[in-house]
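A quick write-up on the structure given underneath.
Protein chains in written order, with this note's numbering: chain A, 1 to 401; chain B, 402 to 618.
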């Protein structure tokens, strides 16, 4: 009798426990089917949360498998949608400890629980957890970048406005660009064409965009001097843009009658096919000046060497670190990295572009100060720990997740 | 016909035709060049249709499970704008498509460029120059000095005179040392490509000559 009372007391306490546990316990429908033998490891600490920094529609589940007991064969992740219908969303091996459910609606509450299976029988069930997926407008991992970019853009706008108001903005001489006029003049004197190679990448590449801006200036110069300008391209869109830009240059020079669309032609998208084609143009047309400006890869040396062999004055420029050495070795002038991007401002001397360049310099100065401060803080931090946190803060400021 | 031997001979002949450029421009090189350019251009047309146009546009507009996504008409219209260049009267329409490509390209790449070329580099340079062994300290000092002086070299709004000029000189010297190392490294890779071609000619092509002439095995 005493034993029976104890059993009833335990059962009542258990029921009270279930009632108080709200929605953190396994659903009743599951409990009816699960053996609850407790020999099989149960999923513990099941967590469900919205995946941050996304467009929503996803819930991240993570869990740990209890260490004591028999390891299950597999895990079944169950889900109940807002309408109350339950479904199995996936079956996973027992060693997996997280899962992303990418088939949920934003703003709706979903419940999840995980069943531990052994020999095809659900032997244990986790607690039930809930989550709501939502979309985020702001990517929190890029806040530091947003602040720095905003600051730099503010400075750039300030300098652009200063330039527009007539403030004289100094820009140092860039040897390669100072030689543009000489190169075009040489071609005119020799009665040979100018060859402009805008790299092998498409118009979505920053270097190609920078190159096309320079092409506009070179086209204007060649139109003024009356030299033919040849522009073989590796991408059809680049060809279209180059045609427009060169035409604009000829119009600005008042020589639109001498513009020949056929001189700006598409060869092939293939890297070495393009290199072979440009090499052929070099040896047959024998240009007196060659511009290799843009994004280049392994074809850079092939082009630069062939250009050198035909005796052309060569001005090259790229932001590809691995190709710059070849241009330095084989060309007369080389624009290194950033100089390629500064070229448009240098050649045009437009206050808008010069202001932008000045603003970028301010950005570089900011980073330089940041590096010096960070290195000093990190170095002193080895001996005096408070400085370590300063270095860590600066590192965090420039960290993009 | 032995297709394998035919392939080897074709490869070898075209290799020799292209290498003949080392002497001077000649009809053999011209033939190989035009074949290469023409075939690759044709190949890329088909590649673009099969791997870009179909999966990224057509199949998005008409999904396999049926239906019609009208939003994909918009890129189709922009593509037609590009083709408008053929007709001089409406050629100006192509500028809209070109403007979108350039604007979107610049905007999307700005974030990536800033992230990898500025933020990540700065983060990687905020290091201690007083911890670790002697070589670690020397290595870290070279890294920090290289980055700072290199950055000074790329200041365009300041004349390279006085202390700025001297700092910039250190920067460009370090850059040149790095370029020299990169040059040597890449040349080694190119030599290995040349060796690969030579091996093809010596071990794959030359042994087929006696077979073709009916000499030996």
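Every residue, glycine too, gets a C-beta built ideally from N, C-alpha and C.
Note that this is a predicted model, so its numbers are computed, not measured.
Reduced DSSP secondary structure (H/G/I, E/B, other) of residue i
i: residue 267 of chain A; result: coil
i: residue 424 of chain B; result: coil
i: residue 125 of chain A; result: strand
i: residue 116 of chain A; result: strand
i: residue 93 of chain A; result: strand
i: residue 314 of chain A; result: strand
i: residue 146 of chain A; result: helix
i: residue 40 of chain A; result: strand
i: residue 450 of chain A; result: Missing from the structure shown is residue 450 of chain A; chain A here goes from 1 to 401 and no further.
i: residue 613 of chain B; result: helix
i: residue 65 of chain A; result: strand
i: residue 75 of chain A; result: strand
i: residue 489 of chain B; result: helix
i: residue 111 of chain A; result: strand
i: residue 70 of chain A; result: strand
i: residue 539 of chain B; result: helix
i: residue 389 of chain A; result: helix
i: residue 480 of chain B; result: helix
i: residue 530 of chain B; result: coil
i: residue 375 of chain A; result: helix
Identified DSSP bridge partners for residue i
i: residue 106 of chain A; result: A:133
i: residue 230 of chain A; result: A:195
i: residue 295 of chain A; result: A:199
i: residue 60 of chain A; result: A:49 and A:100
i: residue 413 of chain B; result: BP columns for residue 413 of chain B are empty, so no partner.
i: residue 86 of chain A; result: A:80
i: residue 324 of chain A; result: Beta-bridge pairing links residue 324 of chain A to no other residue.
i: residue 214 of chain A; result: In the DSSP output, where bridge partners are listed per residue, residue 214 of chain A has none listed.
i: residue 152 of chain A; result: Note: residue 152 of chain A sits in no beta bridge, so no partner.
i: residue 289 of chain A; result: A:194 and A:313
Neighbour list for residue i in chain B, Cβ cutoff strictly below 9 Å
i: residue 312 of chain A; result: None at all; the shortest Cβ gap to chain B is about 15 Å.
i: residue 283 of chain A; result: 422, 425, 426 and 430
i: residue 167 of chain A; result: Correct list: empty, because the minimum Cβ distance to chain B is about 12 Å.
Interface residues of chain B facing residue i [CB-CB closer than 7 Å]
i: residue 368 of chain A; result: 549 and 552
i: residue 338 of chain A; result: 555
i: residue 399 of chain A; result: 524
i: residue 342 of chain A; result: 557
i: residue 395 of chain A; result: 524 and 527
i: residue 316 of chain A; result: The premise fails here: residue 316 of chain A is roughly 13 Å from chain B at the closest Cβ pair, so nothing lies under 7 Å.
i: residue 382 of chain A; result: 529, 531 and 532
i: residue 364 of chain A; result: 552, 555 and 556
Interface partners of residue i on chain B, CB under 8 Å
i: residue 326 of chain A; result: 584 and 587
i: residue 329 of chain A; result: 584
Supposed contact pair residue j and residue i - C-beta distance, whole angstroms, cut 8 Å
i: residue 264 of chain A; j: residue 237 of chain A; result: About 12 Å separates the two Cβ atoms, so there is no contact after all.
i: residue 249 of chain A; j: residue 529 of chain B; result: 52 Å between Cβ atoms; not a contact.
i: residue 554 of chain B; j: residue 533 of chain B; result: Contact doesn't hold; Cβ gap of about 28 Å is too wide.
i: residue 305 of chain A; j: residue 330 of chain A; result: 5 Å
i: residue 416 of chain B; j: residue 598 of chain B; result: 6 Å
i: residue 171 of chain A; j: residue 558 of chain B; result: 6 Å
i: residue 379 of chain A; j: residue 531 of chain B; result: 4 Å
i: residue 136 of chain A; j: residue 110 of chain A; result: Contact flag wrong, Cβ pair sits at about 18 Å.
i: residue 482 of chain B; j: residue 497 of chain B; result: 6 Å
i: residue 55 of chain A; j: residue 117 of chain A; result: That belief does not hold up - the Cβ atoms of residue 55 of chain A and residue 117 of chain A are roughly 33 Å apart, past 8 Å.
i: residue 358 of chain A; j: residue 169 of chain A; result: 5 Å
i: residue 374 of chain A; j: residue 362 of chain A; result: About 19 Å separates the two Cβ atoms, so there is no contact after all.
i: residue 429 of chain B; j: residue 421 of chain B; result: 5 Å
Contacts of residue i in chain A (Cβ-Cβ under 9 Å)
i: residue 559 of chain B; result: 170, 172 and 361
i: residue 619 of chain B; result: Residue coverage of chain B in this structure runs from 402 to 618, which leaves residue 619 of chain B outside it and unanswerable.
i: residue 437 of chain B; result: 268, 270, 272, 273, 276 and 277
i: residue 480 of chain B; result: Neighbours of residue 480 of chain B on chain A: none; closest Cβ ~11 Å, over 9 Å.
Under 8 Å from the C-beta of residue i: neighbouring residues of chain A
i: residue 405 of chain B; result: Within 8 Å Cβ-Cβ: nothing; residue 405 of chain B doesn't reach chain A, min ~24 Å.
i: residue 581 of chain B; result: 325
i: residue 411 of chain B; result: None at all; the shortest Cβ gap to chain A is about 16 Å.
i: residue 576 of chain B; result: 336
i: residue 570 of chain B; result: Those do not exist, as residue 570 of chain B stays about 14 Å from chain A at its closest Cβ, beyond 8 Å.
i: residue 510 of chain B; result: 204, 205 and 206
Taking only beta carbons into account, state which residues of the segment 521-551 of chain B come closer than 9 Å to chain A, listed in chain order. Result list: 521, 522, 523, 524, 526, 527, 528, 529, 530, 531, 532, 541, 545, 548 and 549.
Could you run through the segment 200-212 of chain A and flag, in chain order, every residue whose CB is less than 9 Å away from some CB of chain B? Closer than 9 Å at the C-beta level to chain B, one finds these residues of the segment 200-212 of chain A: 202, 203, 204, 205, 206, 208, 209 and 212.
Between the segment 484-505 of chain B and chain A, which residues of the former have CB atoms less than 8 Å from a CB of the latter, in chain order? Those residues of the segment 484-505 of chain B that come within reach of chain A (Cβ to Cβ, closer than 8 Å) are 486, 495, 496, 499, 502, 503 and 505.
Interfacial residues, the segment 63-93 of chain A to chain B, with Cβ spacing under 8 Å: Within the segment 63-93 of chain A, no residue places its CB atom closer than 8 Å to a CB of chain B.
Beta carbons nearer than 7 Å to chain A: which residues of the segment 448-464 of chain B have them? Against chain A - using a Cβ distance shorter than 7 Å - the segment 448-464 of chain B contributes no residues.
Interfacial residues, the segment 231-265 of chain A to chain B, with Cβ spacing under 9 Å: Taking 9 Å as the Cβ-Cβ cut-off against chain B, the residues of the segment 231-265 of chain A that qualify are 236, 237, 240, 241, 243 and 244.
Taking a cut of 8 Å between CB atoms, which residues from the segment 599-612 of chain B lie near chain A? Per Cβ criterion, the list is empty.
Using a Cβ cut-off of 7 Å, which residues of the segment 348-359 of chain A contact any Cβ in chain B, in chain order? From the segment 348-359 of chain A, only 357 and 358 have a Cβ closer than 7 Å to chain B.
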